[in-house]
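All remarks here apply to the structure that follows.
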Amino acid sequence: MQSSEAVYIQELSSLGQGLPLWDPEPTTHGKVHIGDVGYIYRGAFFRLFNTMSEPTDPKNFGLTVPDCFTKLTLTTEDLEYYDACAIQAAALCSRTITARCVEAGLQASRDQGAMLIMSDDAERREVHPNLCMPQYMRKDYQHWLRLARDVRGHDLKQDEIYFIRGTVKTSTWAVAAFHQSTDPYSGNISLGYGSAGLSLSATSSTQTCRTPEIRSGPRRAGTSSQATIPDRANEPCTPFHGETRDQSVFSTLLQAEDAYFYWSQSHDGCCRAL
Numbered sequence: 001m002q003s004s005e006a007v008y009i010q011e012l013s014s015l016g017q018g019l020p021l022w023d024p025e026p027t028t029h030g031k032v033h034i035g036d037v038g039y040i041y042r043g044a045f046f047r048l049f050n051t052m053s054e055p056t057d058p059k060n061f062g063l064t065v066p067d068c069f070t071k072l073t074l075t076t077e078d079l080e081y082y083d084a085c086a087i088q089a090a091a092l093c094s095r096t097i098t099a100r101c102v103e104a105g106l107q108a109s110r111d112q113g114a115m116l117i118m119s120d121d122a123e124r125r126e127v128h129p130n131l132c133m134p135q136y137m138r139k140d141y142q143h144w145l146r147l148a149r150d151v152r153g154h155d156l157k158q159d160e161i162y163f164i165r166g167t168v169k170t171s172t173w174a175v176a177a178f179h180q181s182t183d184p185y186s187g188n189i190s191l192g193y194g195s196a197g198l199s200l201s202a203t204s205s206t207q208t209c210r211t212p213e214i215r216s217g218p219r220r221a222g223t224s225s226q227a228t229i230p231d232r233a234n235e236p237c238t239p240f241h242g243e244t245r246d247q248s249v250f251s252t253l254l255q256a257e258d259a260y261f262y263w264s265q266s267h268d269g270c271c272r273a274l
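So the sequence shown is residues 1 to 274, counted in the UniProt record's numbering.
Below, the structure written as structure tokens:
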């Protein structure tokens, strides 16, 4: 049986925003950065080290860089991309889901689906598809694998190490995934905002449907309030003056297999750059 995070990745990857993270919160060594090398566990990204920072940089604090480490420097600043409002605050649904209203109900055309809800716009920081990052990875990848397995003791396969090329971050989020039901899902989902950030609750309209698994974050202190997700498809983005956008809901990344690299906008388990 597939896990909820696997269903979430499978269903939302088709949106073309990058690899969806079931758990967008910063992990042991902080938030996700461009140039990070790491792995995904239970839907969250864990950094092994950052290639674009010196070993003494805060991004590499408490971490070990691989043998023969050299800092990666982009050939030109023209490769850098930033969009302060890459995704507007809304509900992003897999193609199997139709959300009639975020606080009213949803229907799915198949027996699995996923959705991401953000109460704040998401910003994208990215490096354009380029030659230097794949070449750097191809040259040093065996050192990365040796670091992960022999030094850090992680049981990681070759295609389970990722190289971050871009991030999409927001301040608050909630996610839902459902699967393994006998009928297409139909039910209600409600949204609230409190001390733990966004929160979801879901119910199924039929007994044959499994209630979606839901998560929300970040887990930070705050005051309670009510939140709604408006229909902003035709509205311009507004400047951001709220909480820190450090929750990585999507990541664009390179993945290796047999030292060959391919650019793609989908995630199907093969060796690709996502």
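All C-beta atoms, glycine included, are put in the ideal place defined by N, C-alpha and C.
Nearest in C-alpha terms to THR64, of all of ALA177, HIS143, LEU74, is HIS143. Closest by C-alpha distance to VAL32, out of GLN255, VAL249, ALA256, is VAL249.
In the structure shown, the three-state DSSP call for ILE9 is helix.
ARG47 has GLY38 as its beta-bridge partners, per DSSP.
Sequence-distant Cβ neighbours of ASP83 in its own chain, meaning closer than 6 angstroms and more than five residues away, are ARG124. Put simply, the region 127 to 145 does not touch the region 88 to 97. Fewer than three CB pairs are less than 8 angstroms apart.
Going by beta carbons, GLU25 and GLN247 fall inside the 8 angstroms limit.
For LYS169, the uninterrupted beta strand (DSSP E) run begins and ends at 162 to 170, by DSSP. Under the DSSP assignment, CYS132 falls in the alpha helix (DSSP H) whose first and last residues are 132 to 146. By the Cβ criterion, the region 10 to 29 is in contact with the region 112 to 120, since at least three pairs of Cβ atoms, one from each stretch, lie closer than 8 angstroms.
For ALA176, the uninterrupted beta strand (DSSP E) run begins and ends at 173 to 178, by DSSP. In the three-state reduction of the DSSP assignment, GLU54 falls in the coil class. Cβ contact annotation for MET52 (same chain, cutoff 7 angstroms, sequence separation greater than five): ILE34, GLY35, LYS71, LEU72, in chain order. The beta carbon of ARG215 sits closer than 6 angstroms to the beta carbons of VAL175 from its chain, once the five residues preceding and following it are set aside; these are given in chain order. Excluding its 5 nearest sequence neighbours in each direction, TRP22 has C-beta neighbours in its own chain below 8 angstroms: SER4, GLU5, TYR8, ILE9, ARG42, GLY43, ALA44, VAL175, ALA177, ARG215, listed in chain order.
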